[in-house]
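Contents: one structure, followed by commentary.
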Amino acid sequence: MKEIPQRFRIRKFEARGSQRGIAAVEFALIASLVFMLLFGIMEMGRVLFYWNTAAETTRLGARLAVVCNKDAAAIKTRMRGMLNLLAPANIDISYAPSGCDIHTCRLVTVRVTGLTVSTFIPFLPLNLTMPSFSTTLPRESLDGANPDCY
């Protein structure tokens, strides 16, 4: 076997010394991208959680509205208890036909509109406006005898 001349040989400590710190730089570049991606996935999951909760809140509100007194304050209170981002102005409860009483109402519709979710993304705060959610159910008792109405 032919020996490599001394001038072409690279000593191990010289090769290692010229690469010193490159692993830390590579880790910093890759880790920042991975953490940004991970944080974005977590924020998207949080926004989708609020999306699902808003849809479920309208179902709860409609269910309470068909068994509670017309325009009961407990409906909005229970809805806000389920989704604390809701303000009373975001909740609309309507009875059909308009102007009906507890004997003539046929349908109850509960809508959540104008709900805004703020993200926690550093240096890029976003305020995402959710679409409107609504649930319509047929009238049941509307008399408030249900204990959930209080």
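For what it's worth, my numbering labels the leading residue of the sequence shown as 39, then goes sequentially. No residue lacks a Cβ here, since even glycine has one placed at the ideal position from N, Cα and C. Just so it is clear, the structure is predicted and the values come from calculations on it, not from any experiment.
CB contact flag (residue i, residue j, <7 Å)
i	j	result
threonine 95	methionine 117	yes
arginine 144	serine 172	no
threonine 154	threonine 167	yes
threonine 115	threonine 147	no
isoleucine 131	alanine 93	no
Whole-Å CB distance - residue i paired with residue j, under 8 Å assumed
i	j	result
cysteine 187	alanine 112	5 Å
isoleucine 140	lysine 108	6 Å
Alpha-carbon to alpha-carbon, residue j and residue i
i	j	result
methionine 178	leucine 162	In the sequence on display, residue 178 carries glutamate and not methionine. Cα to Cα, the separation comes out at about 47 Å.
leucine 121	leucine 180	24 Å
phenylalanine 256	asparagine 128	With the chain running from 39 to 188 in the structure shown, residue 256 is simply not present.
leucine 71	alanine 134	53 Å
methionine 74	methionine 80	10 Å
alanine 183	alanine 110	12 Å
phenylalanine 77	tryptophan 89	18 Å
alanine 62	proline 160	24 Å
*asked:* Give the list of continuous beta strand (DSSP E) stretches no shorter than 3 residues that lie fully inside the segment 99–166.
replied: 129–134, 145–150, 154–156
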